[in-house]
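In this text, residue positions in the sequence shown follow this note's numbering: the first is 21, and each later residue adds one.
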Amino acid sequence: MKWINYIFLFFIYSSYAQDSIQIKLINSLKLEKETIISIDDFETLYHIKNNTFYKTSNNKSINYSNVQLGNITSANAFNPLKINLFYKSFNTVIILDNRLAEIFKIDFNMMQPYKNVSHITTGFDNSLWVFNQDLQQLELYDYKMNKVKVRSLPVQSNVLDLKSNYNYCWMLTEKYLYKYNYLGSLISKMENKGFTEMALNNENVVLKTDNQLYFLASNSQDVVPIQRSKLLINQFLLANETLYIYDSKILSKFQLKIK
Numbered sequence: 021m022k023w024i025n026y027i028f029l030f031f032i033y034s035s036y037a038q039d040s041i042q043i044k045l046i047n048s049l050k051l052e053k054e055t056i057i058s059i060d061d062f063e064t065l066y067h068i069k070n071n072t073f074y075k076t077s078n079n080k081s082i083n084y085s086n087v088q089l090g091n092i093t094s095a096n097a098f099n100p101l102k103i104n105l106f107y108k109s110f111n112t113v114i115i116l117d118n119r120l121a122e123i124f125k126i127d128f129n130m131m132q133p134y135k136n137v138s139h140i141t142t143g144f145d146n147s148l149w150v151f152n153q154d155l156q157q158l159e160l161y162d163y164k165m166n167k168v169k170v171r172s173l174p175v176q177s178n179v180l181d182l183k184s185n186y187n188y189c190w191m192l193t194e195k196y197l198y199k200y201n202y203l204g205s206l207i208s209k210m211e212n213k214g215f216t217e218m219a220l221n222n223e224n225v226v227l228k229t230d231n232q233l234y235f236l237a238s239n240s241q242d243v244v245p246i247q248r249s250k251l252l253i254n255q256f257l258l259a260n261e262t263l264y265i266y267d268s269k270i271l272s273k274f275q276l277k278i279k
């Protein structure tokens, strides 16, 4: 079956007939983490190990754990003052402050109408973008007011990934990559040609398929391949023009040479 994958990747490359973006290795660091969530401009590392969320900075580490809610499905530290942890098995979100103290708990099981949530990410102010699996809709939910501010039209394929900043939300489904503004209006819709994950910084997006990464610049639908690394890409992060690739043992830091 491998030759089928090679042919598939060839067609992806052909459809984006542009020069690849070059990367330059800056440094590498040995790490033993289960999941790296983000690295900010001050080299603060947010990660998960043994179902505990950690914040590590200047060799000092603090952590948060809540065994009663099961495993952490996802975490988002885009806003370091309102970090969110999603426990899908219990349909619950925990909001933490910058000291990893719990400041808010959102139990979607207790809401009327009930919400069956599959993905969440940070919104502006006191809001979260949540994907309502029963309605197949993306919602901007204000957890302080317990109110849905906006809803998207239903989507017809499974959601693979959800990422956001204060102004926009990107939703990757099996069929399309959607981009919404903070008012919930659809800004763009691009066919998904095999992408499974994404990372973003500002309004630039990096997409992954198999063991290859692609760059999608702000206000563009031209997907450009990133120079292939020999590393196994278990995780990848984007920060300004810096790309991090983690193979579960070594975190490699690359400079993106964007023209």
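Don't be surprised by glycine CBs; every beta carbon is placed ideally from N, CA and C.
Contacts around residue i, its chain only, beta-carbon distance under 6 Å, and the 5 residues preceding and following it disregarded
{"i": "I3", "result": "One cannot answer for residue 3 here, as it falls past the ends of the chain, which runs 21 to 279."}
{"i": "E217", "result": "D181, K228"}
{"i": "Q176", "result": "none"}
{"i": "S34", "result": "The predicted model places S34 with a pLDDT of 42, which falls under 50 and marks its position as unreliable; any figure quoted below should be read in that light. Here the set comprises nothing."}
{"i": "H139", "result": "F151, V179, L182"}
Own chain partners of residue i with C-beta closer than 7 Å, once the 5 adjacent residues on each side are dropped
{"i": "A37", "result": "The predicted position of A37 is uncertain, since its pLDDT is 41 and thus under 50; a value taken from the coordinates is nonetheless stated next. Once the five neighbours on either side are set aside, A37 has no close Cβ partner at all."}
{"i": "V137", "result": "N111, F128, V150, F151, N152, Q153"}
{"i": "L101", "result": "D117, N118"}
{"i": "M210", "result": "Y196, L197, Q241"}
{"i": "A237", "result": "N224"}
{"i": "N254", "result": "Y266, D267, S268"}
{"i": "T93", "result": "F106, Y107, K108"}
{"i": "I27", "result": "Confidence at I27 is low in this model, with a pLDDT of 42, below 50, so its placement is unreliable and the value that follows should be read with caution. Answer for I27: no residue qualifies."}
Nearest to residue i (by Cα), restricted to the options the options
{"i": "Y200", "options": "Y234, G143, F256", "result": "G143"}
{"i": "Y186", "options": "M210, D145, Y161, L45", "result": "D145"}
{"i": "R171", "options": "N178, Q156, V225, I59", "result": "Q156"}
{"i": "K69", "options": "N79, F62, S77, E52", "result": "E52"}
{"i": "I82", "options": "Y66, Q88, N91", "result": "Y66"}
{"i": "R248", "options": "N231, Y74, L236, Q153", "result": "N231"}
{"i": "K164", "options": "V244, C189, I126", "result": "I126"}
{"i": "K250", "options": "D267, V244, V179", "result": "D267"}
{"i": "N79", "options": "L192, E63, K183", "result": "E63"}
{"i": "Q88", "options": "S205, M130, N71", "result": "N71"}
{"i": "L160", "options": "M130, W190, G204, N86", "result": "G204"}
{"i": "V168", "options": "Y188, S184, M131", "result": "M131"}
{"i": "S77", "options": "D61, N91, N86", "result": "D61"}
Endpoints, beta strand (DSSP E) assigned at residue i
{"i": "I57", "result": "55-59"}
{"i": "D47", "result": "The residue asked about is misnamed: residue 47 is Asn in this sequence, not Asp. Residues 42-50."}
{"i": "Q282", "result": "Summary: the structure shown does not reach residue 282, with the chain confined to residues 21 through 279, and so no result is reported for it."}
{"i": "I92", "result": "Careful: I92 lies outside any beta strand (DSSP E) and carries neither H nor E."}
{"i": "T142", "result": "137-142"}
{"i": "S77", "result": "72-77"}
For residue j and residue i, believed in contact at Cβ under 8 Å, the rounded distance
{"i": "L105", "j": "A95", "result": "5 Å"}
{"i": "I270", "j": "S48", "result": "5 Å"}
{"i": "N20", "j": "N212", "result": "Nothing about residue 20 can be read from this structure; the chain reaches only from 21 to 279."}
{"i": "F256", "j": "L233", "result": "6 Å"}
{"i": "F274", "j": "L45", "result": "6 Å"}
{"i": "V244", "j": "S40", "result": "7 Å"}
Contacting residues, own chain, Cβ-Cβ under 8 Å from residue i (five flanking each side not counted)
{"i": "F215", "result": "L180, L192, L197, L227, K228, T229, Y234"}
Which ranges does the beta strand (DSSP E) cover as unbroken runs of at least 3 residues, wholly within the segment 158-245, from first to last along the chain?
167-171, 179-184, 188-193, 196-201, 206-211, 217-221, 224-229, 232-236, 243-245
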